[in-house]
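Under the UniProt record's numbering, read the sequence shown as residues 1 to 205, first letter to last.
Where a beta carbon is used, it is the ideal one built from N, C-alpha and C, also for glycine.
Predicted model only: the values in this text are computed from it and were never measured.
Some notes on the structure that comes next.
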Amino acid sequence: RQPRLDGRIVGGHRINITDAPHQISLQTSDHICGGSLISKEWIITAAHCTFGKQANQLRVRLGTSECSRNGQLLNIKKIVQHEKFNYSNINNDFSLLQLQEPIEFDETKQAVKLPTQDQEFKDGDACYVSGWGSTQNPLESRDWLRQVKVPLVNQEDCNKKYSRYGGVTDSMICAGYMQGGKDACQGDSGGPMVNGDGVLVGVVS
C-alpha cells in the first residue's frame, strides 16, 4: 500500500525567508520537498523525500523566499536516512542531509531551534508549518514561501481518525483541524513545524 503524500499549504499566507530562515527547498530539477537547517552543514527532512535517491541527485536551495531562484543552490555530500524508516506507513520519516560545504549564517539562513530531550508539547499548542507546497488555489503561485498556523491534535483522537490507515505511531505527531478546510494544512513534505518559540516540533510527512 502506497501512502498518500500530499504537499499543500491550505489557507496559509506568504512569508519572507527572514521569517523562517531555517527553511530550505530540496530539489531534483525542481522543488520536491522542504527541510530545515539544523546546523551550518546539516539539514533535516522527511525520509520519504530521499527514499531511493543518491546524494548526487539532490540539491538544496536556501536563503530565499522563492524556491526556483535566488539564494544559494548547494550540493549534498551525504544522506543519512532513519534506519527504521517504513515506507508503507511512513513511520520514522526522517532523513539528515549533509551539505558539501558548511554555509555561513545570516538573516536568511539560520539553524532552527531543536527541542530539549524532556520538552513537552501540549494538545492545542499553536504551531506553524511553512513551505512551497501547492496551495489548492490555481491563481496563487507556489514559488513563494507560505506559512499556516495549526494546533497540535490529541494523539489518541488522531489515532482514531487514522485507524483505517493503520493509525499513528509514537514517532508521529498530529496537527491541523479535524474538519479540514480553511487554515487546514497538509503541509509541505519534509518541511518544518515549529511552535511559537520557533522550536522544531515535527517534520511534515
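(message) Just to check my reading of the structure: Ala175 and Val150 have Cβ atoms closer than 8 Å, yes? What is that Cβ distance to the nearest angstrom?
(response) Within the sequence shown, numbered from 1, the residue matching residue 175 stands at position 175. Within the sequence shown, numbered from 1, the residue matching residue 150 stands at position 150. Sure, about 4 Å apart at Cβ, within 8 Å.
(message) Checking 8 Å against the spacing of the C-beta atoms, do Val129 and Met172 come in under that value?
(response) In the sequence shown, counting from the first residue as 1, residue 129 sits at position 129. In the sequence shown, counting from the first residue as 1, residue 172 sits at position 172. For Val129 and Met172, no; Cβs fall outside 8 Å.
(request) Kindly indicate which three-state DSSP category Gln117 falls into: helix, strand or coil? (result) The count along the sequence shown starts at 1 and reaches residue 117 at position 117. The answer is coil: DSSP assigns Gln117 none of H, G, I, E or B.
(request) Determine contact between the segment 114 to 127 and the segment 14 to 31, defined as no fewer than three beta-carbon pairs at a distance below 8 Å. (result) no
(message) Please tell me whether Val60 and Ile24 are closer than 8 Å, where the distance is taken between their beta carbons.
(response) By one-based count along the sequence shown, residue 60 stands at place 60. By one-based count along the sequence shown, residue 24 stands at place 24. Taking C-beta atoms as the reference points, Val60 and Ile24 count as a pair closer than 8 Å.
(request) Could you tell me the boundaries of the alpha helix (DSSP H) in which Asn195 lies? (result) Along the sequence shown, one-based indexing puts residue 195 at 195. It is not in any alpha helix (DSSP H) - Asn195 instead sits in the beta strand (DSSP E) that spans 192 to 195.
(request) Return the first residue and the last residue of the beta strand (DSSP E) that Ala126 is part of. (result) Here residue 126 refers to the residue found at position 126 when the sequence shown is read from its first residue. 126 to 131 is the extent of the beta strand (DSSP E) around Ala126.
(request) Drop a sphere of 10 angstroms on the beta-carbon of Phe94, count the other beta-carbons inside from all chains shown, and report buried for 16 or more, exposed for fewer. (result) Residue mapping note: residue 94 aligns to position 94 of the sequence shown, counting from 1. Buried is the call here.
(request) Consult DSSP for Ser163 and reduce its assignment to one of helix, strand or coil. (result) To locate residue 163, count along the sequence shown from 1; it is residue 163. In the structure shown, Ser163 sits in a helix (DSSP, three-state: H, G or I).
(request) Return helix, strand or coil for Thr18, following the three-state DSSP convention. (result) If you number the sequence shown from 1, residue 18 lands on position 18. In the structure shown, Thr18 sits in a helix (DSSP, three-state: H, G or I).
(request) Could you check which residue in Cys158, Arg14, Asp188 has the C-alpha nearest to that of Val203? (result) Indexing the sequence shown from 1 puts residue 203 at position 203. That would be Asp188, whose Cα lies nearest to the Cα of Val203.
(request) Return the Cβ separation of Ser205 and Ile90 in integer angstroms, given the expectation that the two are a contact with Cβ distance under 8 Å. (result) In the sequence shown, counting from the first residue as 1, residue 205 sits at position 205. In the sequence shown, counting from the first residue as 1, residue 90 sits at position 90. Indeed, because the Cβ distance is near 5 Å, the residues count as touching under 8 Å.
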